[in-house]
Every structure is written in C-alpha cells, then in structure tokens.
Amino acid sequence: MAKDINQADREVVISIRGLRNQFGTQVVHDNLDLDIYRGEIVGIVGGSGTGKSVLLRTIAGLNRPAAGSVDVLGIDVLSADQDDMVDAGANWGVMFQDGALFSSLTVRENVEVPMRTVDGLDPKIRRALADLKISMVGLPYFAGDKFPSELSGGMRKRAGLARALALDPQIVFLDEPTAGLDPIGAADFDQLILGLSRSLGLTVFLVTHDLDTLHAICDRIAVLAEKRVLVTGTMQEMLKVDHPWVHDYFHGVRARAALDTKTAADVATKD
Amino acid sequence: MKRGTVTRKSSQDNNHPPFDCRFSRPYELHIVPLMTETVPSDIEITSTDAAVTMTLRGAMTLPYVTQIVAEFDTLPMDRTVRADLSGVTRFDTSAAWAIASLRTRLETAGQHLEIQGAGIGPESLLKSVTDAMPVITPAPVVAGGLIEWVAAIGSSMVDAVTFVLELIGYFGLFLSRLVRAIRHPKEFRLTALVHHCQEVGFKAVPIVALMAFLIGVVLAFQGSTQLKQFGAEVFVVDLIAVSILRELGILLTSIIVAGRTASAFTAAIGSMKMREEIDAMRSLGLDPAATLFVPRILALVLMLPILGLIANVMGLFGGALMAWIDLGISPAMFMTRLVNGTDVSHLAAGMIKAPVFALIIGVVGCHAGMQVQSNAESLGRMTSSSVVVAIFAVIMADAVFSIFFAQIGF
Numbered sequence: 000m001a002k003d004i005n006q007a008d009r010e011v012v013i014s015i016r017g018l019r020n021q022f023g024t025q026v027v028h029d030n031l032d033l034d035i036y037r038g039e040i041v042g043i044v045g046g047s048g049t050g051k052s053v054l055l056r057t058i059a060g061l062n063r064p065a066a067g068s069v070d071v072l073g074i075d076v077l078s079a080d081q082d083d084m085v086d087a088g089a090n091w092g093v094m095f096q097d098g099a100l101f102s103s104l105t106v107r108e109n110v111e112v113p114m115r116t117v118d119g120l121d122p123k124i125r126r127a128l129a130d131l132k133i134s135m136v137g138l139p140y141f142a143g144d145k146f147p148s149e150l151s152g153g154m155r156k157r158a159g160l161a162r163a164l165a166l167d168p169q170i171v172f173l174d175e176p177t178a179g180l181d182p183i184g185a186a187d188f189d190q191l192i193l194g195l196s197r198s199l200g201l202t203v204f205l206v207t208h209d210l211d212t213l214h215a216i217c218d219r220i221a222v223l224a225e226k227r228v229l230v231t232g233t234m235q236e237m238l239k240v241d242h243p244w245v246h247d248y249f250h251g252v253r254a255r256a257a258l259d260t261k262t263a264a265d266v267a268t269k270d
Numbered sequence: 000m001k002r003g004t005v006t007r008k009s010s011q012d013n014n015h016p017p018f019d020c021r022f023s024r025p026y027e028l029h030i031v032p033l034m035t036e037t038v039p040s041d042i043e044i045t046s047t048d049a050a051v052t053m054t055l056r057g058a059m060t061l062p063y064v065t066q067i068v069a070e071f072d073t074l075p076m077d078r079t080v081r082a083d084l085s086g087v088t089r090f091d092t093s094a095a096w097a098i099a100s101l102r103t104r105l106e107t108a109g110q111h112l113e114i115q116g117a118g119i120g121p122e123s124l125l126k127s128v129t130d131a132m133p134v135i136t137p138a139p140v141v142a143g144g145l146i147e148w149v150a151a152i153g154s155s156m157v158d159a160v161t162f163v164l165e166l167i168g169y170f171g172l173f174l175s176r177l178v179r180a181i182r183h184p185k186e187f188r189l190t191a192l193v194h195h196c197q198e199v200g201f202k203a204v205p206i207v208a209l210m211a212f213l214i215g216v217v218l219a220f221q222g223s224t225q226l227k228q229f230g231a232e233v234f235v236v237d238l239i240a241v242s243i244l245r246e247l248g249i250l251l252t253s254i255i256v257a258g259r260t261a262s263a264f265t266a267a268i269g270s271m272k273m274r275e276e277i278d279a280m281r282s283l284g285l286d287p288a289a290t291l292f293v294p295r296i297l298a299l300v301l302m303l304p305i306l307g308l309i310a311n312v313m314g315l316f317g318g319a320l321m322a323w324i325d326l327g328i329s330p331a332m333f334m335t336r337l338v339n340g341t342d343v344s345h346l347a348a349g350m351i352k353a354p355v356f357a358l359i360i361g362v363v364g365c366h367a368g369m370q371v372q373s374n375a376e377s378l379g380r381m382t383s384s385s386v387v388v389a390i391f392a393v394i395m396a397d398a399v400f401s402i403f404f405a406q407i408g409f
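Residue numbers (numbering that gives the first Met the number 0), protein chains in the order written: chain A, 0 to 270; chain B, 0 to 409.
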C-alpha cells in the first residue's frame, strides 16, 4: 500500500468502497475497493467471468450493485437522480466493445447525439465539431457519412471512441478497446488512447486482456480476482506479485513476448 | 472600439458560484465539467489599424462556442489578430476548434493569429486540434430538377416491379424446396413444421375465434335492423351465412394472421440475417430456403384453412345467438334455414381462398425478413412493411377471387 501514500496528493476521481455485485446466487464482486486518480490510464485485468465489464458498467451507472458505494467526480452514482445522471453523463464517456453505435445513424450523427443535449449549439458548429472528433480519433473525413455497418470493426471502435469523447468528458471507460484488432491496428489504437489522454487530460478506465496495451500505455494496473481488486500497481510491481493467478498472467508465454516487444521498443526509442 | 459580451445561456448556471477554485489551476483548465458551474465567456475586442486585440475571459466551452464563433465572425480579416487567453478559465476542444478555424481563415486571407497567455493545457490541446483539423471534401450537390424528378418516378416504378418479381421468385423457391422435400423426405424438418403449426395455428385460435364471433354478432344485429323494415327478418340467416362463409370468415382471419404471423416471420428471419446467422447456415451447407421458409410457409398453408373454418363456425354461432336474442329466431329454425337456404358452394368459395392467402402471407413475410440489413432500423421498417404488404396483397387477391367467381357464376 506504499503506492497510495505517494498518490495521496492526487485527486481521486473514482472511488469505490465495499462494492458487491451479484446475479441470483452468483456473487461477482464482494467488498471491492478501488480508487482511480485524475489523469491516469488504469488497466483492469482479470480472468473471464471475474466481472471486469460488470465493474465498468457499475461505475458508469448502467448496473445497480447489491451493496457498496460508487463515487465518480463527487457524485454518488447509486443515489443520484435522473437529472444528476444527465449532467454527470457529460463528464464521462463509455466506449462499448463493438462501439455500440446507433445503427440507423451515420457516424457523424452518432457523434452529434451527445452534443444535442447542449442548449443553443448551432447545428453547423455541431457538425464541424463532430467532424473534428472523427478526425481526432484517426478516421478519414468520408467515414462521417457512413453507417456503422459499412465500417470495419477497428473503424467502429474509433467511431465509438469519438462519440464517447463528444462532450470532452473527464473520464472515459473503454471496454476491451483492442480486442479483435490486428496487432498494427491495436498498437495504433493504444497510441491514440495515450495521445488523447495526454492532450485532453483524460482519465482512462480500460478493461483489457491485451498485454501489449498494459505495457504500452497503462500507468497503473488493477487485477480483479477473488471477487475483489486483488492488487493495483505499475507493470513492474505486477511482475513482483507472487499470487498464482497474477504470476501466471504476467509471466506466461504471451506476457514474456509482450515484455520483449516493449523492451525492444524502448531500446529502439533510446537509440 | 468594439466590445461584445457573450450572454449567459443556460438557466441552470445561476445556482452556482461564479468560480470554483478546485479547477483554478491553468494546467487543468480544459478538463473541468462542461455543463455546470461555468462562467460565461466574455470577449473584449480592441481594433487598431495594425492589429486587432482580443481579450478572452471566462469559460470557453461547448455551451458558449456558438456565441464565441459569432464574435469571431465579426473580426476584420485584413490585419493581424492577437488573442489573449490569460483570462480564460475553461478551455475545451470546441474552443480549440473555434480558434483553429479562426487561424485558418486569417491565414487564407494572408494574415495571422497570435496567441498569448495560453496555459500548458490549452496550448497542447490547441496543437492536437490544429493537427487533427479535418480536410473537408464537399459532397457532390444533387440538383433537384425535372430530370431527377422523372428519374425518381422511374426508379420507384422499377423498384415496384422488381419487388413483385422477387416475391414470385421466392414463391418459386418455396415450391422447388417443397418438391425437393417430398423427394427427399429425410431432409424435411418435421419438428420445425410442427413447431410453426403450433405458433401460427394453435396459438392464433383464441383471437381468431373471438374476432369471428363478434363479427357474427355485428352482422346479425345490423342485418336485422335493416331487414325488419321490410318484414324480412328471417333472411338475416342467409345474410350471415353467405357473408361469413364466402368472404368475411376467411378474409378477416387472413388479416389477423398477416398481422401476427407475417411480422413474426420477418422479425425472426430478419434478426437472423442481421446477426449473420443466415450466412453461417449457408457456410454450414444448410439451405435457408429449405430450413427457414418451407416449414414456416407450409405451416401457414396447413393452418390457415383450419383457422378459417373455426372462424366460420364461430361467426355463424355469434350470428345465431344474436338472431335468437334480437329477432327471436330459435337456434333450430336458424339451423333449418341455414341448411336449406345456403348452398355448400358458399363454404367452398371461402375455403378455396385460404391456401392462396396463406402463401401470400408466408412469402411476403419471409421475403421481407431476407431484406433486413445490418441495422436495427431496417428490421423495424421491414417488419411493418411486411404486415402492410401482406394485408394489402390479401385484400387484392380477395377482390380478384370475387370478380373471378362472379364471372364464372360460382
């Protein structure tokens, strides 16, 4: 817990205490605590079925837990009423696994949807801003006129990110942003998230299985196991944890390959 | 000398203190909440011969960007513009976009924009936004002239003809797969057929029976009121029998079935199409026409005559009940009158239509399902269109049958 002392001066933007999630008799989270600080990129890892996506949905107010408190930017998500949640919605954006774009709207219209909640915004400016967001996530201009079904999976993810960023949120939640992308596309997406996070000052809550992503962009990693956040810390700290699952995860064949890639990349940058 | 003040827009801001010290560090300016707790932006513009100096203050955020852009539009484009951002408390992507657009316009006019007093945050945001400014390629403008209008009529005619041809094609597909199923009975999916018979037939019995009963009641009631004027009450039996057996029983059953079954076919097949299940079936060597269309359409062809018969019986029952209550025609008398006065050909004329209507409903429903594209809206659109087309086609076929029967004297 030495880490927390170093971070005591940093502003906590998400604070979860004693969270319990259960579906029927199956308990997914029990007494889960987690703090996320402003401006950091946190990667959430865990085996299948450990409730990574459930945790994301709970923080974003899409899932009601059985017990506990979830505090996002000073708003208690669980007791907030409809109006509070609408206001708070501008402060965070969610990118779902396959983008979850509205299939009957073009990409540009999708990005404009959150901006429509802003009173008195000139439609021409709204359109130009949507084009800007589309461009910022690395999509070509013509992608704005396309329907989600006409885009590739990677482009849909980028479009989903553009919609999540439409209102300049402070926090973005990304559900497996690089899943299903080719290695080059995934690396591009990692750099996109990193770049946007730094230039927009975003706090990024990232659910991922991609070890390359964890190495490349995550400031901190939180491991979900045994129904709670087992351990949080940097990649280096993760490598020292001797819990069997954590050890296997970060020392497996694929983990070593990702580490090698990262080391090679670091050497290349130094040269 | 000009001074423009951007006015407060949203009423929700009134409850908040003008400034929140938590966010006062310039480093974090652009990442504070957008919608609440904002101070409206305020722009002061001083113009000299050599340059325009703008002093910007307050929140430059999305709710105010419309006014900010309007202010920028009033700037003269013939001299250098200096923007002082040191008084800006909030700065988001939309503000960076407004400034980047202004810079582009000035540079196009051969001038430039100098920015002073921007913190590290706004500075880096401005840079990322400037780098990302989209290159806009205008879409080709479609002229709305006479030729386009005629072309639109022509293309909708072609679409209509194509649609009818496609329906005929689906009917042919159904027949060919049916013949194949008869020749290779082992490939036939009997379980699916039974399942669909239950769905389209058995489960529709209550609603069809109730509808027909009420129609019988209404016919008897309306008929008796009119016929009483001529003292011809007893003919109400003929009225009910002929209209229910020949027309109403089967027609109204078909309309109800079109409403509940055509839509169900379209939704089921359409959502499979949407989730690429149809493609998966093809790749596994399963023929969608044989596995999806044949059991559904065949079930309808088998069930609709039965439903029509139930409707006929319930319609006559309702009519008899009302005739008894309203006109005192006893059930025995109704029966005698019905058997003596109504030829069995009336029943045949009604029942012959049932399989035809069933084919129309089934083919329209399956065809519409296959037209669904990979978006949620097209599923809804095709489902409602399949019901409308099915009902319309059934009524049109009924009209054709009526004329045909009248011509041959059936």
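Using N, Cα and C, we set each Cβ at its ideal position, and we do this for glycine too.
- Using a CB distance below 8 Å, the part of the segment 116-133 of chain B facing chain A consists of 120, 123, 124, 126, 127, 128, 131, 132, 133, ordered along the chain.
- Interface with chain B (7 Å Cβ-Cβ cutoff): residue 134 (chain A) is included.
- Close to chain A, meaning a Cβ-Cβ distance shorter than 7 Å, are the following residues of the segment 365-380 of chain B: 372, 373, 374, 375, 376.
- When CB distances to chain A are screened at a threshold of 7 Å, the residues of the segment 50-82 of chain B falling below it are 61, 62, 64, 65, 68, in chain order.
- Excluding its 5 nearest sequence neighbours in each direction, residue 350 (chain B) has C-beta neighbours in its own chain below 8 Å: 249, 304, 307, 308, listed in chain order.
- Comparing alpha-carbon positions, the option among A:12, A:40, A:88 lying closest to residue 203 (chain A) turns out to be A:40.
- Beta-bridge partners assigned by DSSP to residue 21 (chain A): A:26.
- Cβ-Cβ separation between residue 52 (chain B) and residue 99 (chain B): approximately 19 Å, too far for a contact (criterion under 8 Å).
- Residue 90 (chain B) sits close to residue 121 (chain B), with the two beta carbons spaced by under 7 Å.
- Looking at the backbone, the Cα of residue 60 (chain B) and that of residue 228 (chain A) are separated by about 37 Å.
- Sorting B:317, B:359, B:298 by C-alpha distance to the C-alpha of residue 168 (chain B) places B:359 at the top.
- With a cut-off of 8 Å on Cβ pairs, the segment 68-80 of chain B is in contact with the segment 104-119 of chain B, counting three or more such pairs.
- Take residue 71 (chain B), set aside five residues on each side of it, and the residues of its chain with a beta-carbon closer than 7 Å to its own are 97, 101, in chain order.
- If only uninterrupted alpha helix (DSSP H) runs of at least 4 residues are considered, those enclosed by the segment 51-131 of chain A are 51-58, 81-88, 106-114.
- The C-beta of residue 92 (chain B) comes closer than 7 Å to at least one C-beta of chain A.
- The secondary-structure analysis by DSSP pairs residue 204 (chain A) across a beta bridge with A:41, A:172.
- Rounded to the nearest angstrom, the Cβ distance from residue 133 (chain B) to residue 131 (chain A) is 6 Å, consistent with a contact under 8 Å.
- As DSSP reads the structure, residue 212 (chain B) sits in no beta bridge.
- When 8 Å is used as the limit between beta carbons, residue 97 (chain A) is near no residue of chain B, the shortest such separation being about 12 Å.
- Put simply, the segment 204-215 of chain A does not touch the segment 116-136 of chain A. Fewer than three CB pairs are less than 8 Å apart.
- With a cutoff of 7 Å on beta-carbon distance, residue 300 (chain B) and residue 357 (chain B) are scored as near each other.
- Those residues of the segment 87-111 of chain B placed with their C-beta closer than 7 Å to a C-beta in chain A are 91, 92, 93, 96, ordered along the chain.
- Contact annotation, residue 226 (chain B) with residue 234 (chain B): C-beta distance approximately 6 Å; criterion of less than 8 Å satisfied.
- Scanning its chain for C-beta atoms nearer than 7 Å, with the 5 sequence neighbours on each side dropped, one finds around residue 196 (chain B) the residues 298, 301, 302, in chain order.
- Closest option to residue 56 (chain B), judged by alpha-carbon separation, among B:278, B:126, B:117: B:117.
- Apart from sequence neighbours up to five positions away, the residues of its chain that approach residue 84 (chain A) with a beta-carbon distance below 7 Å are 60, ordered along the chain.
- Contacts with chain B at 7 Å (Cβ-Cβ) include residue 140 (chain A).
- When DSSP states are grouped into helix, strand and coil, residue 90 (chain B) belongs to the strand group.
- Closer than 7 Å to the CB of residue 124 (chain A) there is at least one CB belonging to chain B.
- Neighbours of residue 135 (chain B) in chain A, taken as residues whose beta carbon is under 8 Å from its own, are 130, 140 in chain order.
- Under a criterion of Cβ atoms nearer than 8 Å, no residue of chain B is adjacent to residue 112 (chain A); the nearest Cβ is some 14 Å distant.
- When Cβ-Cβ separations below 7 Å define contact, residue 179 (chain A) makes no contact with chain B.
- Annotation: Cβ neighbours of residue 117 (chain A) in chain B (cutoff 7 Å, chain order): 61, 62.
- Judged by DSSP in its simplified three-state form, residue 10 (chain A) adopts coil rather than helix or strand.
- Taking a beta-carbon distance threshold of 7 Å, residue 198 (chain A) counts as an interface residue toward chain B.
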